[in-house]
Amino acid sequence: MSAQGVVVADTTPLNYLILIGLVDVLPRLFGEVMIPEAVLSELRHPKAPAAVASWLLILPDWVKVEKVVRVDQTIQLGQGETEAISLAVERKVWIVLMDERRGRSAAEARGLLAVGTLNILDLADERGLLDGVAMLDALKQTNFRADRELLDRFETRMKARKA
22 MSAQGVVVAD
32 TTPLNYLILI
42 GLVDVLPRLF
52 GEVMIPEAVL
62 SELRHPKAPA
72 AVASWLLILP
82 DWVKVEKVVR
92 VDQTIQLGQG
102 ETEAISLAVE
112 RKVWIVLMDE
122 RRGRSAAEAR
132 GLLAVGTLNI
142 LDLADERGLL
152 DGVAMLDALK
162 QTNFRADREL
172 LDRFETRMKA
182 RKA
């Protein structure tokens with residue numbers, strides 16, 4: 022994965038990275054982060070966590086909110102996922118930050134690389150930007166959902182780097 026460039030983000034990875042205080046690792050890993058208007062709307066949901074609402078008050082300059090010109094109506098997902106995939110295809114951005122299994126499959130079917138929150142923590146840990154095991158523990162304290170086996174696999178890999 023390129024150290025600098027552009028990625029498109031869906032709501033979920035941004036939400037969880039904000040909650041565990043790691044959203045600022047994104048520009049160090051990927052450069053600019055584009056989000057479609059639907060993702061911004063989802064992040065602004067009235068029931069969004071206070072940390073997310075606070076982060077949205079002044080968006081960092083590495084976040085660019087973009088309008089999707091042509092939404093791919095064949096993508097049968099939520100509006101945020103649909104617009105994120107559509108924006109990535111439209112702008113020829115090959116990495117999309119997305120956690121939902123169906124969304125990742127839809128992105129990959131369109132030739133995109135889907136990178137989830139766990140992948141982001143793993144990559145940042147690998148590059149020495151954070152303590153992945155500690156951040157994985159912080160993520161587990163949120164309402165983040167993933168298969169136990171998947172969480173264990175990431176934790177094992179991160180611990181092995183420290184050995």
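According to our numbering, the sequence shown holds residues 22 to 184 in order.
Ideal Cβ positions, reconstructed from N, Cα and C, are used throughout, including at glycine.
Please state whether the Cβ-Cβ distance between MET119 and ARG125 is less than 8 Å.
yes
Are LEU98 and ARG123 close, meaning C-beta to C-beta below 8 Å?
yes
Could you work out which residue in ASP152, GLY101 and VAL154 is closest to VAL60 when comparing CA atoms only?
GLY101
Quick one: residues in its chain with C-beta nearer than 7 Å to the C-beta of LEU108, no 5 flanking neighbours on either side, listed in chain order?
VAL29, MET55, PRO57, GLU87 and VAL89
In terms of residues, what are the limits of the beta strand (DSSP E) holding ALA30?
26-30
What are the start and end residues of the beta strand (DSSP E) that includes GLY52?
52-57
Contact the region 158-168 vs the region 128-145: 3+ CB pairs below 8 Å:
The region 158-168, when compared against the region 128-145, does touch it at the 8 Å Cβ threshold.
Mind reading off the beta-carbon distance from LEU151 to LEU43? Whole number of angstroms is fine, and I expect it under 8 Å.
7 Å
Alpha carbon to alpha carbon, how far is ASP143 from LEU134? Give it in angstroms, no decimals.
Going from the Cα of LEU134 to the Cα of ASP143 covers about 16 Å.
For LEU134, the residue or residues it bridges with in DSSP:
ILE116
With DSSP run on the structure shown, which of helix, strand or coil describes GLU87?
DSSP places GLU87 in strand when its eight states are reduced to three.
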